[in-house]
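Residue numbers (this note's numbering), protein chains in the order written: chain W, 16 to 189; chain Z, 41 to 137.
These notes are about the structure you will find just below.
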Amino acid sequence: MIEILFYIFAAVAVGSAFGVVLQKNPVGSLLFMVATLASLAGIFVLFEAHFLAAIQIIVYAGAIMVLFLFVIMLLNLGHDYRRDIQVGVGMVLAFATTGLIAGILVRQFGGAETSPMLAAFPGPEGMDALLAEQGIIGAIARPLFTDYVIVFELTGILLLVALVGAIAIAKRRV
Amino acid sequence: MLVEALILSAILFVVGMLGVLVRRNAIIIFLCVELMLNAVNLSFVALSRFMGIEGQIYVFFVMTVAAAEAAVGLAIIIAIFRHYETVNVNNFNLLKW
């Protein structure tokens, strides 16, 4: 059952990822992107990452994509139906590069599930035990506010800087 | 399911990279960068199922950085649009050689 769901979500994700690249209208691209993000959230659920699936829907598909939509609306690009895919040598090179990288990446993955490297880690059983003991929120929050607390605070500063920077850049007269 | 997830992640990353390379609309290029970030997130989550909860914490940070990046990047796109009246990156060639 989980396998079937995974393949359905994967097919939707890849199909709508191609939709993002090939769609002429920016708004259409954006809606395809939302479909990709939603199916990725489904895959996160299959990997027992329920908190991240919720965050993916709320923050990514909700907030960030709406921000993109606002900018498209603000700049009035919704009627831009011209095909802006650049054809020629650049595109052939792009296909060659991306295909080569895809091939190399996929070649490396054979037998990853039975790799001896994984033996040193808890594995799915250990993760299930952790989740049963602390729940997904507790399991994420505990390291986040102990081992990674400095990184967490720095992320807050990063968001503040991004906020101030975005306002300063987008203002008409600085 | 780990191998399939990693392959899906590679495919999504490559599709995003293809989009960055072939599209000329700055907003779509930006969207494809987000797609690549998400592909990496997927492999983090898939591996966190086998290697401990840290992977999910990294995804948490990647999402925060993506949000900050989206805010600043879209502000830059707005500023560029005010100047050139277009978001086609072929017109922004001042730093190209």
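Glycine is no exception: its CB is placed at the ideal position from the N, C-alpha and C atoms.
Between the C-alpha atoms of residue 173(W) and residue 179(W) there is a straight-line separation of about 10 Å. Put simply, the segment 73–84 of chain W touches the segment 38–50 of chain W. At least three CB pairs are less than 8 Å apart. Residues 54 of the same chain have their beta carbon placed closer than 6 Å to that of residue 27(W), with the five preceding and five following residues left out of the count.
Along the segment 60–94 of chain Z, going in chain order, the ones with a CB nearer than 8 Å to a CB of chain W are 61, 62, 63, 64, 65, 67, 68, 70, 71, 72, 74, 75, 78, 81, 82, 85, 86, 88, 89, 90, 91, 92, 93, 94.
Every unbroken stretch of the alpha helix (DSSP H) spanning 4 or more residues and falling wholly within the segment 81–164 of chain W is given here in chain order: 104–123, 138–159. DSSP places residue 65(Z) in the strand class (E or B) of the three-state scheme. In the structure shown, residue 130(Z) falls within a helical segment according to DSSP collapsed to helix, strand and coil.
Spatial neighbours of residue 59(Z) in its own chain (CB-CB distance under 8 Å, excluding positions within 5 residues in sequence) are listed in chain order as 68, 69, 71, 72, 75. About 30 Å separates the beta carbon of residue 61(W) from that of residue 115(W), a gap too long to meet the 8 Å contact definition. When secondary structure is reduced to three states using DSSP, residue 62(W) falls in the coil class, being assigned neither helix nor strand.
In this structure residue 52(Z) is in contact with residue 79(Z), their Cβ atoms being roughly 4 Å apart against a cut-off of 8 Å. In this structure residue 124(W) is in contact with residue 43(Z), their Cβ atoms being roughly 5 Å apart against a cut-off of 8 Å.
Taking CB atoms only, residue 134(Z) has no neighbour in chain W less than 9 Å away.
Secondary structure note for residue 103(Z): its alpha helix (DSSP H) is the uninterrupted segment 94–124.
Contact of residue 79(W) with chain Z is assigned, a C-beta pair being separated by under 9 Å. Taking 8 Å as the upper bound on Cβ-Cβ separation, chain W lies near residues 104, 105, 106, 107, 108, 109, 110, 111, 112, 114, 115, 116, 117, 118, 119, 121, 122 of the segment 104–123 of chain Z. Judged by their CB atoms, residue 66(Z) and residue 127(Z) are nearer to each other than the 9 Å cut-off.
Straight-line spacing of the CA atoms in residue 117(Z) and residue 84(W) works out to 13 Å. By the rule that beta-carbons nearer than 9 Å mark a contact, residue 131(Z) does not touch chain W. Counting C-beta atoms within 10 angstroms of its own C-beta, residue 175(W) has fewer than 16 neighbours from the protein chains shown and is therefore classed as exposed. Here the C-alpha atom of residue 36(W) lies approximately 32 Å from the C-alpha atom of residue 171(W).
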